[in-house]
Every structure is written in structure tokens, then in C-alpha cells.
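Peer 1:
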Amino acid sequence: MSQYTDADGIESNLTPVLTQNGLLTPNTESEENSSIRVWLELQEAVKRNHMHDPTPGDTLIIVDKTYDRVLACHPGGHLILDNIIEYDMSEPIPERWKWLCTETDGFIGFRSLAENKYLGHDFWWNFVARATAQKGDENFILIKRQNGYRIQSPFWFGFKPISARSDGSGIEAKEPDGTLWGFMEVRE
46 MSQYTDADGI ESNLTPVLTQ NGLLTPNTES EENSSIRVWL ELQEAVKRNH
96 MHDPTPGDTL IIVDKTYDRV LACHPGGHLI LDNIIEYDMS EPIPERWKWL
146 CTETDGFIGF RSLAENKYLG HDFWWNFVAR ATAQKGDENF ILIKRQNGYR
196 IQSPFWFGFK PISARSDGSG IEAKEPDGTL WGFMEVRE
């Protein structure tokens with residue numbers, strides 16, 4: 046039997062938390078407050094440029110830093126850039142925003158947690174998340190810049206930079222420099 050009880054019927058997470066002075070106290074944050082806190086942390090991190098350096102195994106949100114939009118994988122593997130401020134903060138972060146960072150043969154990959162498919166492109170360079178494994182068309186490299194990353198895809202003997210479409214309808218490999226991207230780690 047737990048030594049902690051719910052206060053006034055509020056759902057709570059009773060995992061003890063270690064305070065700054067070393068005391069264990071119960072964490073009684075409601076699920077709704079937890080969702081709002083995560084959203085506020087996400088918006089604040091984007092605004093203040095607090096981004097994460099991605100490593101394989103991380104669950105990430107991929108952010109278009111130019112427009113504060115999130116790369117989202119919708120049903121069927123369709124990619125759309127969702128505006129962060131248009132979503133209900135009382136809800137958990139949408140699964141379609143979450144990507145698992147992977148590595149194969151020295152290349153980075155991104156697997157959508159919503160669709161369980163890898164981000165990649167087809168023969169005509171249309172980007173989707175439909176592959177079941179990280180192969181050549183699902184390989185990327187990350188080039189670190191002062192305020193984020195450039196994502197590039199192998200192309201013959203070089204690389205093509207990945208850009209967010211200005212209308213938010215997905216990503217493409219057409220701009221000479223590509224979009225400046227940021228990564229936010231999601232802890233679940």
C-alpha cells in the first residue's frame with residue numbers, strides 16, 4: 046500500500062521526486078498539468094533555441110526553425126509541417142510529431158512513431174515515411190550549425206539539403222542550403 050494518496054480525486058503520478066535539498070516528495074502533478082508543462086517546455090525551447098543534439102535511440106521532435114513548425118507524419122506516411130501554436134496544450138504531444146533517431150552504416154535515419162515507417166524519398170525525390178527499413182533512400186547526414194542542423198540526403202557523389210516547403214505541405218530537396226532544423230528530445 047502506498048504511503049501517498051490522491052488529493053481530492055485528482056489523478057496523480059505518485060513517483061517520489063528528489064528535491065534540491067535531497068528530500069523525497071510525492072509528485073502530484075495531474076496528467077493535464079503534465080501535458081501543459083511539456084507543451085510550454087517545447088514552445089520555450091523553440092523560442093530560446095534550446096535544442097538537442099540527436100543520437101541514435103533518441104525520440105525526437107524535428108522542428109523547422111524558420112517558421113516554428115514541426116515535421117509531422119500523417120496517415121499513409123504523408124508529411125506535413127504542423128504549426129506548434131495551433132495545438133491544444135492540454136493534450137499530450139501528438140504521436141505524429143515523434144521520430145526515433147536511428148543509425149545504419151554511419152547514416153542517421155528517422156522512424157515515425159505514429160506510422161512505424163522511415164522518413165525517406167522515392168525515385169522522384171518525393172519525401173514520405175513509408176519504408177519499413179532504413180536503406181539508401183532513408184539515409185541522412187546532419188551538419189551542425191550555430192543555431193541548429195542542416196539535414197542532407199545522399200545523392201550520387203554528394204548530398205542534397207532538405208528544405209521545409211514554405212506552405213507547410215512537406216519537405217523537399219530543392220533549396221541550395223536547405224532549412225535550418227532543430228531537434229527536441231521527448232522523454233516518455
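First residue of the sequence shown: 46, per the numbering used here; consecutive thereafter.
Beta carbons are placed, not taken as given, at the ideal position from N, Cα and C, and that holds for glycine.
What are the boundary residues of the beta strand (DSSP E) that includes Leu225?
Peer 2: Here residue 225 is taken as the residue at index 180 of the sequence shown, counted from 1. No beta strand (DSSP E) holds Leu225; DSSP gives it neither H nor E.
Peer 1: For Pro199, which of helix, strand or coil comes out of DSSP?
Peer 2: As a working mapping, residue 199 is identified with position 154 in the sequence shown. Note: Pro199 maps to strand in three-state DSSP.
Peer 1: State yes or no: is the C-beta of Phe152 nearer than 7 angstroms to some heavy atom of the ligand ZN?
Peer 2: In the structure on display, the ligand ZN does not appear, and there are no ligands present to speak of.
Peer 1: Is the beta carbon of Lys143 less than 8 angstroms from the beta carbon of Thr104?
Peer 2: As a working note, residue 143 is residue 98 in the sequence shown. As a working note, residue 104 is residue 59 in the sequence shown. Yes.
Peer 1: Can you tell me where the beta strand (DSSP E) with Leu187 in it begins and where it stops?
Peer 2: Sequence index remark: in the sequence shown, residue 187 carries index 142 (1-based). For Leu187, the enclosing beta strand (DSSP E) covers residues 186–190.
Peer 1: Put Ile130 into one of helix, strand or coil per three-state DSSP.
Peer 2: On the sequence shown, position 85 is the one that residue 130 refers to. Ile130 falls in the helix class under three-state DSSP.
Peer 1: In this structure, does DSSP put Pro206 in helix, strand or coil?
Peer 2: Here residue 206 is taken as the residue at index 161 of the sequence shown, counted from 1. Of the three classes helix, strand and coil, the one that applies to Pro206 here is strand, per DSSP.
Peer 1: What runs of the beta strand (DSSP E), each 3 residues or longer, lie entirely inside the segment 105–152?
Peer 2: Whole beta strand (DSSP E) segments, 3+ residues: 114–119, 123–128, 143–149.
Peer 1: Is it buried or exposed for Tyr112, if we count other Cβ within 10 angstroms and need 16 for buried?
Peer 2: Taking the first residue of the sequence shown as position 1, residue 112 is located at position 67. Tyr112 comes out exposed.
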